[in-house]
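Working notes for the structure below.
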Amino acid sequence: MQIGTVIGNVWATRKEDHLIGLKFLVVQPELPDKAPINNPFIAVDRIGAGVGDRVMVTTGSAASHINPESDIPIDALIIGIIDSIEIER
Amino acid sequence: MQIGTVIGNVWATRKEDHLIGLKFLVVQPELPDKAPINNPFIAVDRIGAGVGDRVMVTTGSAASHINPESDIPIDALIIGIIDSIEIER
Amino acid sequence: MQIGTVIGNVWATRKEDHLIGLKFLVVQPELPDKAPINNPFIAVDRIGAGVGDRVMVTTGSAASHINPESDIPIDALIIGIIDSIEIER
Amino acid sequence: MQIGTVIGNVWATRKEDHLIGLKFLVVQPELPDKAPINNPFIAVDRIGAGVGDRVMVTTGSAASHINPESDIPIDALIIGIIDSIEIER
Amino acid sequence: MQIGTVIGNVWATRKEDHLIGLKFLVVQPELPDKAPINNPFIAVDRIGAGVGDRVMVTTGSAASHINPESDIPIDALIIGIIDSIEIER
């Protein structure tokens, strides 16, 4: 999973049917020491994350396994709000 | 999901059977501030996007989850037309 | 999907059982204006593409959804032979 | 699979329901000769790996195939603790 | 699929249960002309490849489709031993 910080919101009225009601956030990927890396992308949030939260994001089709009934076409999902990261080296 | 703008169309008469009738568009990936990043690629559209629209694109095999019956071999799907992106940082 | 041109063939007698009978081609990825990008890779072809054809290629596990019965371990599939690409910007 | 060394731990109280009870570690990817490459990321561990262990990590949605009943939304899984790597060239 | 040459072996006694008995090899990715590209990675082999063999490797979750009963958490599989590659351009 990637580490990142939520930096914004996306609004999209017209979208694929399966996606109505989902919340879309912009995430800036980061290193464990909070240095930004790579480009921001959009992730779905179902756990109440908001701008400023540090999050773990699952990318790729693993993100689509969020319904027991059927997979949906999303490729990034916020799976946790990070309390702390401890690096030992 | 990636942010991008639709910049063109692709025509392909001969194709895999499952894909007949689908619309293929060329998408230029972008940052939230509309600066282009990386290379353009082809995405399937089912929600009526057209050249000039700013879109959210799901890439990878999550894009193939668009039929309840069976997955199809596509790796990029336009899932929403973006109304606005709000960055707060 | 990626845009590319077929530039060669691969022969492999010894292979995974599910793959016997499939045709393997070498594809050079390209921009819409035909400039080559990134490295060539191997893709399966089932639609009769040959050297010199411009093609759309699905990569990742979406490529493995080609049998109704069961997925097979391939990660790149030629899904269409491109007639034309129209870029408007 | 990628080669890497476990360099830290992640704590996240609030997370997707399917993920409660899983252990999240920070992994630094490496070459076979232990030179670090690319950026550290978070992986799930179920085999008892700890900081300092050299591990094999499966990334992408293959990591989500860890329950016989249903896939879960994770994209990196430690699948083995490496005893030794022998390079011959 | 990627082209590569097998350059080594990996031993890992402690691993995920589904993976016991599988053979893990180190593969150096290459261009069709055998120039090395990118970093070596670990792939599962079930077809008898060994050090020095030139191989086709499926990466990503497509590699996990190797059991009819259930997918396993691996992200790279040697699917063929290459006899020859013919580039025409």
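Chains as they are written, first to last, in the numbering used here: chain A, 79 to 167; chain B, 79 to 167; chain C, 79 to 167; chain D, 79 to 167; chain E, 79 to 167. Backbone N, C-alpha and C fix where the C-beta goes; we use that ideal spot for every residue, glycine too.
Interface flag, residue i vs chain B, CB-CB below 8 Å
i, result
"A/LYS112", "no"
"A/ILE125", "no"
"C/LEU100", "no"
Three-way DSSP call (helix, strand, coil) for residue i in this model
i, result
"A/LEU109", "coil"
"A/ALA170", "Outside the displayed range of chain A (79 to 167) lies residue 170 of chain A, so it cannot be described from this structure."
"B/LEU103", "strand"
"D/ALA140", "helix"
"A/ASP131", "coil"
"A/ASP123", "strand"
Nearest-angstrom beta carbon gap, residue j and residue i [assumed within contact, 8 Å]
i, j, result
"E/ILE159", "C/PRO151", "15 Å between Cβ atoms; not a contact."
"B/PRO110", "A/VAL104", "6 Å"
"C/THR136", "B/ASP153", "5 Å"
"A/ASP161", "D/ALA90", "6 Å"
"E/GLY86", "D/ILE163", "6 Å"
"D/PRO107", "D/ILE115", "5 Å"
"E/LEU155", "E/ILE165", "About 24 Å; that fails the 8 Å criterion."
"A/VAL133", "B/MET134", "The Cβ separation is near 18 Å, so there is no contact."
Within-8 Å CB hit, residue i to chain E
i, result
"C/ASN97", "Checking the sequence shown, residue 97 of chain C turns out to be Leu, not Asn. Yes, because at least one Cβ of chain E sits closer than 8 Å to the Cβ of C/LEU97."
"C/ILE157", "no"
"C/SER162", "no"
Cutoff 8 Å: residue i Cβ touching any chain C Cβ
i, result
"B/GLU94", "yes"
Any C-beta of chain D under 8 Å from that of residue i
i, result
"E/THR136", "no"
"E/VAL133", "no"
"E/ASP149", "yes"
"E/PRO118", "yes"
"E/ILE152", "yes"
Residue-chain proximity (residue i, chain A), Cβ-Cβ < 8 Å
i, result
"D/VAL129", "yes"
"D/VAL104", "yes"
"B/ALA140", "yes"
"B/ILE144", "yes"
"D/GLY86", "yes"
"D/ILE165", "no"
Distance cut-off 7 Å: residue i Cβ against heavy atoms of the ligand SAM
i, result
"A/LEU97", "The ligand content of the structure shown is nil, which means the ligand SAM is not present either."
Min CB distance residue i to chain G below 8 Å
i, result
"E/ASP161", "Included in the structure are the protein chains A, B, C, D and E, with no chain G among them."
Query raised in the report: Are three or more beta carbon pairs between the region 116-124 of chain E and the region 119-129 of chain D nearer than 8 Å?
Result: Result no; under three Cβ-Cβ pairs closer than 8 Å.
Query raised in the report: Okay, do the region 129-140 of chain A and the region 130-140 of chain B touch, 3+ Cβ pairs below 8 Å being the bar?
Result: Cβ pair count under 8 Å is three or more, so yes.
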